[in-house]
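Residue numbers (UniProt numbering), protein chains in the order written: chain A, 1 to 195; chain B, 1 to 195. Glycine is no exception: its CB is placed at the ideal position from the N, C-alpha and C atoms. Note that the coordinates shown come from a computational prediction; the quantities given were computed from them, not determined experimentally.
Given below as structure tokens:
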């Protein structure tokens, strides 16, 4: 699998998130890994790339991020639909074996303990930009993207290729209660050249 | 058209935005209307419902929102693909007739001067929650949703019905440079009941 994971230039990292997919958030602190799902993640800036993510006070991932100052935002695919729902509805706080039970496979793309979820299409390694007021008042966290990767079977040359990669590579977009939509057909709003 | 625009309960308003569509942002101040596109809008809270939107300092819409304290986030459809791209790439600052030139049709669902864009599938009327540090540092604006509506040909009973409403009702999700993806097929991560 690793041979398909390629770096994404930081100036194009926002494109991994621009279409609003539901994401997985992973973090590590003091020997503990966790992964949760988040529909409320969004690009915030181009250069340096930043993003926002909403992390409820009840989540263990929030605690790991506050303590370690690092996290990963990654884009799950249709293949990970069930897993995304499972890690989004079960908590490490009352299920210490959550990651094993849900079958999450972790990678370590940054070369250290920071966990990345295998099977995703894009990964954004983030450094927490501390904003205590936002975190306390709105559960709103800001990350600066320090590195990014994508699977070159669906994202290459700075673009998604959902239309040729096959249905199983589509991003998934949660509405409520386990109901998702996959990303659909490509459309261009630009006039065709030479036509 | 108006007979299809129905109120959405505030506790379900987040669902209009949860799947990460590119949105249109509209506002009004002192006789001036504007509409822009934004890919970086995201739900922030359930009750009361709140959302975030990133508004560059160069946009006229930002000035209107800062002065009036009100704005609308609305979900354009495939039918509004070209219009979404046009209002996202042209500025009222140097094109006073932008709205007429791009063919934007405005509604007034709140019963006053606040402009809503016709042809969308969902509308979130927002009150600005002033956060000067976020606005100045990150171009990040927070809105509290005070009312919501949807077109009942694609959103009813608290849910999107993209799968039956027809392709032209799909939400659109911008990547970069006028390249979008439409929302795609429905998927459920929940075990089937009774099966």
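Might you give, ordered along the chain, the residues of its own chain that have their beta carbon closer than 6 Å to the beta carbon of residue 60/A, omitting 5 neighbours on each side? 34, 92, 93
Any heavy atom of the ligand GDP within a distance shorter than 6 Å of the CB on residue 174/A? Among the ligands in the structure shown, none appear at all, so the ligand GDP cannot be discussed.
Look up residue 151/B in the DSSP assignment and give the residues it is bridged to. 5/B
What three-state label does DSSP hand residue 195/A in the structure shown? Only weak support is given to the placement of residue 195/A: the predicted model assigns it a pLDDT of 42, under 50, and the value that follows is read from those uncertain coordinates. Three-state result, residue 195/A: coil.
Using only alpha-carbon positions, find the residue among 70/B, 167/B, 77/B that is nearest to residue 150/B. When 70/B, 167/B, 77/B are compared, the shortest CA-CA separation from residue 150/B is found for 77/B.
Whole-number beta carbon distance between residue 65/A and residue 116/A, since they are thought to touch under 8 Å: About 15 Å separates the two Cβ atoms, so there is no contact after all.
Decide if the region 72 to 86 of chain B is in contact with the region 166 to 175 of chain B; the criterion is three or more beta carbon pairs, one per stretch, under 8 Å apart. yes
Could you name the residues that DSSP lists as bridge partners for residue 77/B? 171/B
Under the three-state reduction of DSSP, which class applies to residue 15/B: helix, strand or coil? helix
Endpoints, the beta strand (DSSP E) within which residue 127/A is located: Annotation: the continuous beta strand (DSSP E) that includes residue 127/A extends over 122 to 129.
By the DSSP assignment, the alpha helix (DSSP H) with residue 189/B in it spans what residues? Counting along the chain, residue 189/B falls outside any alpha helix (DSSP H), and DSSP gives it neither H nor E.
Considering only C-alpha positions, which residue in the set 143/A, 144/A, 137/A, 72/A is nearest to residue 57/A? 137/A
Stretch pair the region 103 to 117 of chain B + the region 46 to 56 of chain B: three plus CB contacts closer than 8 Å: no
Where DSSP assigns a beta bridge to residue 28/A, which residues make up the other side? Bridge pairing for residue 28/A: 33/A [DSSP].
In the structure shown, what three-state DSSP assignment does residue 52/B receive? When DSSP states are grouped into helix, strand and coil, residue 52/B belongs to the strand group.
Would you say the region 178 to 190 of chain A touches the region 21 to 37 of chain B, given that touching needs at least three Cβ pairs under 8 Å? no
Cutting at 8 Å between CB atoms, please list the residues of its own chain near residue 165/A, excluding the five before and the five after it. 153, 154
Which of helix, strand or coil does DSSP assign to residue 114/B? Residue 114/B falls in the coil class under three-state DSSP.
Could you name the residues of the same chain whose beta carbon sits closer than 7 Å to that of residue 195/B, not counting the 5 residues immediately before and after it, in chain order? The predicted position of residue 195/B is uncertain, since its pLDDT is 42 and thus under 50; no value can be drawn from it.
Residue 42/A vs residue 40/B beta-carbon contact at 7 Å: yes
Any C-beta of chain B sitting closer than 7 Å to the C-beta of residue 20/A? yes
Residue 102/B versus 37/B, 169/B, 8/B, residue with shortest Cα-Cα distance: 37/B
Close beta carbons around residue 88/A, own chain, < 7 Å, minus the five adjacent residues each side: Answer for residue 88/A: 36, 37, listed in chain order.
Chain B beta carbons: is any one of them nearer than 7 Å to that of residue 187/A? yes
State yes or no: is the beta carbon of residue 195/B nearer than 7 Å to at least one beta carbon in chain A? Because residue 195/B sits at a pLDDT of 42, beneath the cut-off of 50, its placement in the model cannot be relied upon, and the point is left open.
Quick one: is residue 71/A near chain B, going by C-beta distance under 7 Å? no
Alpha carbons only, please: which of 2/B, 104/B, 45/B, 170/B is nearest the one belonging to residue 139/A? 45/B
Give a yes or no on whether the minimum CB-CB distance between residue 81/A and chain B is below 7 Å. yes
Kindly indicate if chain B contains any beta-carbon less than 7 Å away from that of residue 126/A. It does not: the Cβ of residue 126/A has no partner Cβ on chain B nearer than 7 Å.
Where does residue 20/B fall in DSSP's three states? coil
Any beta-carbon of chain A closer than 7 Å to the one on residue 123/B? no
Specify, as a first and last residue, the run of the alpha helix (DSSP H) that residue 44/B falls within. From DSSP, residue 44/B is part of no alpha helix (DSSP H) but of the beta strand (DSSP E) over 41 to 46.
How would you list, in chain order, the residues of chain B whose beta-carbon sits under 8 Å from the beta-carbon of residue 170/A? 184
For the alpha helix (DSSP H) containing residue 98/B, list its first residue and its last residue. Judged by DSSP secondary structure, residue 98/B falls within the alpha helix (DSSP H) whose first and last residues are 98 to 102.
Quick check on residue 156/A - is its C-beta less than 7 Å from some C-beta in chain B? no
Counterpart residues of residue 62/B in DSSP-defined beta bridges: As computed with DSSP, residue 62/B is found in no beta bridge at all.
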